[in-house]
Amino acid sequence: MWRKAVAMFCEFIRSFMTTFSGFLKSFVQKKGLLWIFVLGVSGWSTVTILVLLKNRYETDSTTIGVSTAYSRWINTFPSIAVCLTKTRVTTEFQYELQKYLGQNLSYTIAKTIYEYAFINPNNLNEKVASCKSPCDVDITKLRREFFPTNCTEFFEKVYFRDELMPDCEEIFKFHETEMGYCFLANNLLDYKTIEDMPLRYSSLDKNRNLRLIFRQALIYAYELYVNSPEDLPFFNALSYGISNEPQIHAFNVEEIHNQEGVIDEPVSQRKCKFPSESSVEGFPYSFSTCMSVIRSQFEMELCNCTLFNPKDRNESIYCGIAATQCLERANLASKVKEYVGKNMVCLPSCVEQQISLVGSIMDTKNVYKNGEHVVEVQIASPPTARYHRSVTQTKLDLIVGIGSVVGLFFGASLLNLLEIISYFIRTVKTMIFG
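Following the working numbering, the numbering of the sequence shown begins with 1 at its first residue and continues without gaps.
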């Protein structure tokens, strides 16, 4: 039985080889078909390579590397923001408020207005909405009346790298932000480039710290934010309270620098935006600004007012005290974070510093006056690594690659093409002259 099966298999192989040999002989003899086949395969291969080149350009045009030549680096201190926040209602505030409004106020009314004056996305209390007149004051005018807009009013001293700064206004600039009245240092909101910023240090500097000594305030406290230079304080940012106990916060910072051509690459490739690519006039692009804009849009849609709108600084759209209840019940923080997470609408900045907290301790080495609030921000260790975003595939590289592939195709096919032309000439010659 098995001998018969082997014989049938051998017969099949002989038959197949005979048929294939005949087909191959016929195909080779008809050179036109042969060269058309060769050109077709060559063309298909060329198109495939071109598609691969295009896909690589569209999906892998940038890369991030690491540099460790840190001894010559000039590093940028993080942006430091000091924002005014509520503490407790004092009789002095109640008295000044009565003078401002021109009427006697109970402690409860004064406290309600005080709560409203410090309203921000993280400090909402719907109970204040139950108070109508005289609580429904113009919050923008109230803040201008009671809150400082110059750092000299609350800074006692400012030290950078253990050197006394003669004028705090050269360091801290006043801005209204989502978190209220804030004073920003080393922020791109005030400088065209990072190189223009005043707080910079080298890897060889022994002292890499910023020490802030505050005057004691009666109606407000201080909140500290440590951000990348393009970022602003916003509702989802980490903050540090400033108390009458001296504190030291130590951080490690890693910077990212970009090759000149990176900004010319599509945003979809680099997965980040440069500060100059902002849609809000006067505000550099940052993740925090993007989040604030989206939050403001949600506030306008749900409550027809906003606590802070970078795009529109019109005071008429600011939420009055009656809208506090709407803002509180809307649960905006969760909605904004969920929306941004699902839709990936807020990309990181291309120059965003990687800031990590090493630790916080009480300052027991220095002695300060009673009533002074002291906080120090330190760079725990100088950066020993720096990220570099560079371009791996430019448009010129794509053009050169396409030219090389096309040149290879035509170079390899030219002889084939001449052979086909020669074949047709011989055929015509044979038909005419025999």
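All residues carry an ideal CB built from backbone N, CA and C; glycine is no exception.
Figure out for me which residue from the options has the closest Cα to the Cα of residue i.
i      : options                        : result
Ser288 : Glu254, Asn120, Lys335, Phe235 : Phe235
Ala380 : Asn122, Ser356, Gly102         : Ser356
Lys206 : Val253, Arg161, Cys319, Phe147 : Arg161
Val280 : Cys326, Met291, Glu328         : Met291
Glu163 : Thr149, Ala322, Arg200         : Arg200
Phe118 : Met362, Lys99, Thr87           : Thr87
Tyr220 : Val82, Gly261, Val336, Ile109  : Val82
Phe172 : Ala185, Gly180, Ile321         : Ala185
Arg386 : Thr48, Val66, Thr62, Val47     : Val66
Met362 : Gln354, Leu347, Gln378         : Gln378
Ala110 : Pro121, Asn120, Val89          : Val89
Pro310 : Ser334, Gly282, Met300, Glu301 : Gly282
Tyr181 : Cys272, Glu145, Met300, Gly102 : Glu145
Arg143 : Val340, Asn331, Asn120, Thr152 : Asn120
Arg329 : Lys365, Gln393, Leu124         : Leu124
Thr63  : Val293, Cys272, Asn227         : Cys272
Lys141 : Gln353, Ser334, Leu101         : Leu101
Met165 : Phe174, Phe183, Pro198         : Pro198
Ser268 : Asn150, Gln216, Val345         : Val345
Asn122 : Thr152, Phe183, Phe308         : Phe308
Lys192 : Pro284, Ser133, Gln393         : Pro284
Gln216 : Asn227, Phe183, Thr152, Glu277 : Thr152
Leu210 : Ile194, Cys168, Gly341         : Cys168
Hey, would you say residue i sits closer than 8 Å to residue j, going by beta carbons?
i      : j      : result
Glu230 : Pro275 : yes
Ser243 : His373 : yes
Tyr240 : Pro233 : no
Val358 : Ala250 : yes
Phe214 : Glu156 : yes
Gln247 : Val336 : no
Val158 : Leu212 : yes
Ile321 : Cys131 : yes
Ser360 : Ser203 : no
Phe298 : Leu347 : no
Gln353 : Ser228 : yes
Give me the Cα-Cα distance between residue i and residue j, rounded to the nearest whole angstrom.
i      : j      : result
Leu84  : Ser286 : 22 Å
Cys303 : Leu189 : 29 Å
Cys319 : Thr306 : 5 Å
His257 : Ala69  : 14 Å
Glu254 : Asp312 : 34 Å
Val262 : Ser349 : 13 Å
Gln259 : Glu170 : 30 Å
Pro148 : Phe154 : 8 Å
Thr324 : Arg270 : 40 Å
Cys112 : Arg208 : For the record, residue 112 in the displayed sequence is Thr; it is not Cys. One C-alpha to the other measures close to 42 Å.
Tyr95  : Glu245 : 29 Å
Ser296 : Ser79  : 23 Å
Leu238 : Val47  : 52 Å
Glu176 : Glu265 : 34 Å
Glu178 : Asn314 : 14 Å
Leu327 : Met300 : 10 Å
Leu105 : Ser316 : 26 Å
Val351 : Tyr107 : 48 Å
Leu98  : Asn187 : Sequence inspection shows Gln at residue 98; the Leu mentioned does not correspond to that position. Roughly 37 Å between the two C-alpha positions.
Asn150 : Gln393 : 49 Å
Phe174 : Phe183 : 4 Å
Glu338 : Thr91  : 42 Å
Ser278 : Lys365 : 44 Å
Gly341 : Glu195 : 33 Å
Asn252 : Ser133 : 50 Å
Asn343 : Ser334 : 14 Å
Indicate whether at least one CB of chain C lies closer than 8 Å to the CB of residue i.
i      : result
Val226 : Looking at the structure shown, chain C is missing, and only one protein chain is on hand.
Let me check you understand the geometry: is the CB of residue i closer than 7 Å to at least one non-hydrogen atom of the ligand NAD?
i      : result
Asp231 : As far as ligands go, the structure on display features none, and thus does not contain the ligand NAD.
Examine the Cβ distances between the stretch 67-76 and the stretch 382-394 and report whether three or more of them are shorter than 8 Å.
The stretch 67-76 makes contact with the stretch 382-394, as at least three CB pairs between them are under 8 Å.
Mind listing, in chain order, the continuous alpha helix (DSSP H) runs of no fewer than 4 residues lying wholly within the stretch 239-308?
267-270, 287-303
If contact is defined by three or more beta carbon pairs under 8 Å, each pair taking one atom from either stretch, is the stretch 103-117 in contact with the stretch 133-140?
yes
Could I get the ranges of all uninterrupted beta strand (DSSP E) runs contained in the stretch 163-249, with 3 residues as the minimum, in chain order?
172-177, 180-185, 200-202, 209-214, 221-227, 239-242
Mind pulling the alpha helix (DSSP H) runs of 4 or more residues that sit fully within the stretch 300-379?
For the alpha helix (DSSP H) assignment, the uninterrupted runs of no fewer than 4 residues enclosed by the stretch 300-379 are, from N- to C-terminal side, 324-330, 332-343.
For a minimum of 4 consecutive residues, which ranges assigned as the alpha helix (DSSP H) are wholly contained in the stretch 57-127?
91-101, 107-117
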